[in-house]
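Counting the sequence shown from 1 gives a position; my numbering is that position plus 1.
Each remark here refers to the structure printed beneath this line.
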Amino acid sequence: MRVIPTAEEATLGDHRHFPGARLLIACSLCGWSKSYRVERVIERLRQLKTGGYATGLTQVARRVAWPCPGCGRVHWRASFAWPPGIDEREVKRLANRYRN
Ligand SMILES: [Zn+2]
2 MRVIPTAEEA TLGDHRHFPG ARLLIACSLC GWSKSYRVER VIERLRQLKT GGYATGLTQV
62 ARRVAWPCPG CGRVHWRASF AWPPGIDERE VKRLANRYRN
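Right under this line is the structure:
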């Protein structure tokens, strides 16, 4: 996955600027990572009434309570990332589709 650099204060709702991107939860200590569909994460937070589109990526990372399967520590980072196979052309194609 290719991590998309975003501002410190980026929120889950910002994912609409990056069509096709997923939410990547990565361990800052050993690099183990898992990705999620952003819409599903937002939906889940709304169901629990603990967040939604305005929830910051740093807050999301802080909420992950399970220990890393790689190193057993709890030190997560959350970011948007392109899955393999999404290249520049695919991004443009998806962006157009969302606009129409
Ligand atoms: Zn780890």
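For each residue, glycine too, the CB sits at the ideal point set by N, CA and C.
The structure displayed is predicted, hence computed values, not measured ones.
Given this structure, state the Cα-to-Cα distance separating residue i from residue j, to the nearest angstrom.
i          : j          : result
residue 45 : residue 63 : 16 Å
residue 31 : residue 66 : 16 Å
residue 76 : residue 93 : 34 Å
residue 1  : residue 48 : With the chain covering 2 to 101 only, the question about residue 1 has no answer from this structure.
residue 57 : residue 27 : 16 Å
residue 68 : residue 88 : 32 Å
Can you list, in chain order, the residues of its chain with a C-beta nearer than 6 Å to that of residue i? Leave out the 5 residues immediately preceding and following it.
i          : result
residue 80 : 4, 25
Throw me the rounded Cβ distance for the residue i and residue j pair, which I believe falls under 8 Å.
i          : j          : result
residue 29 : residue 78 : 5 Å
residue 23 : residue 84 : 6 Å
Is the distance from the Cβ of residue i to the Cβ of residue j below 7 Å?
i          : j          : result
residue 33 : residue 73 : no
residue 96 : residue 2  : no
Take residue i and list the residues in its own chain whose beta-carbon comes closer than 8 Å to its own, dropping the five residues that flank it on each side.
i          : result
residue 60 : 52
residue 54 : 12, 13, 14, 43
residue 7  : 15, 58, 80, 81
So, for residue i: in the same chain, excluding its five sequence neighbours on each side, which residues have a beta-carbon less than 7 Å away from its beta-carbon?
i          : result
residue 91 : 21
residue 10 : 57
residue 38 : 23
residue 19 : 5, 81
Next on the checklist: Closer than 5 Å between the C-beta and any heavy atom of ligand 1: which residues qualify, listed along the chain?
Outcome noted: Spelled out in chain order, the answer is 28, 30, 31, 33, 69, 71, 72.
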